[in-house]
Every structure is written in C-alpha cells, then in structure tokens.
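In our numbering, the protein residues as written are 9 to 168.
Encoded as structure tokens, the structure appears first; notes follow it.
This is the structure we're talking about:
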C-alpha cells in the first residue's frame, strides 16, 4: 500500500467511534468444522480478541454483524464484551443502519472489517473500510485498508 494511501487509511481510522466485524473469514479463517454430534466448531485467534479489547479500552464501541448464526459466535462476543451482535443477517445494510441509529452515530464514524459480497453495502458506507488478503477482489478494491494478516490469524488485531 502506497504511503499516501496508508496515511489516508490511518486518518479515516482515527475518526472511528464504532468498529464492526464480520465473523467468517475475518474473526475466523472461514472454515466450518463440525463435531461428531453435528456441533459447529469455529476457531478464534486470541490476537483478534486482544485487539477488540484494546478498542474498547480506548472508548471505541465494538459490534459484530454476521450472515451466519451460531451459539459459539454469541459466546465469543460475550467473552469479549462486544456491545452489539447481529447474527443471521443477510441484509447487512439494514442491520448497519439500525446499529448506527441505536448508537447515535453517523456512518462516517464507523469502521467495518469484511471480506465478501454481502459486506459491500456496509463497506461502501463507513468512514473506515478494511478487508483481508483473501477477500473477494471487489471488496479489496473498495477497502481503505487491506490487512497483511489473514482472517482468523490476527487481521482484526491489525486494524485495532
């Protein structure tokens, strides 16, 4: 990333008061594993959790908007004290607009880390948009910042 683009991304990130994360491919590596009893298993990286806690300690509200729904995501969000969690959301734009209204913030005061088409309606509205190297090409193109770390391997920590 060119120096001027990186400086612009940092300037945008400085205005964030609410940071929103997708889950699959962002807080996890995107793999879905099932136990013998059919239970969904997801792996989360402690670096990402630490980054989320650092954001919260600096006064930034955190949120999750995910197209999939699972008890393990609810548990991870609770462990990290994530303020707002929306799961099973296929219309992320509407969920995002509702979240902004609830938080009393403009879209420009929000950041979002996402990786796929379903994330574009939010990614294109926020003040700071970030993605991961394995994201869909259109998502990477529209992001203000693309992490060096892969999803589920410290990407969320990198934007924190």
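Virtual Cβ for every residue (Gly too), placed ideally from N, Cα, C.
On a predicted model such as this, the values are computed, not experimentally measured, just so you know.
- The three-state reading of DSSP puts residue 52 in coil, since its state is none of H, G, I, E or B.
- Burial check for residue 62: the Cβ neighbour count within 10 Å stays below 16, so the residue is exposed.
- For the 7 Å CB-CB criterion, residue 160 and residue 37 form a contact.
- Of the candidates 100, 103, 71, 101, the residue whose Cα lies closest to the Cα of residue 88 is 71.
- Under the three-pair Cβ rule at 8 Å, the region 94-108 does not count as touching the region 49-67.
- Distance between residue 77 and residue 14, taken at the CA atoms: about 34 Å.
- Under a 10 Å Cβ-count criterion, residue 54 is classified as exposed, with fewer than 16 other Cβ atoms of the shown protein chains found around its own Cβ.
- For residue 34, the secondary structure class from DSSP, reduced to helix, strand or coil, is coil.
- Residue 148 and residue 44 have their C-alpha atoms spaced approximately 36 Å apart.
- For residue 41, the beta-bridge partners assigned by DSSP are 49.
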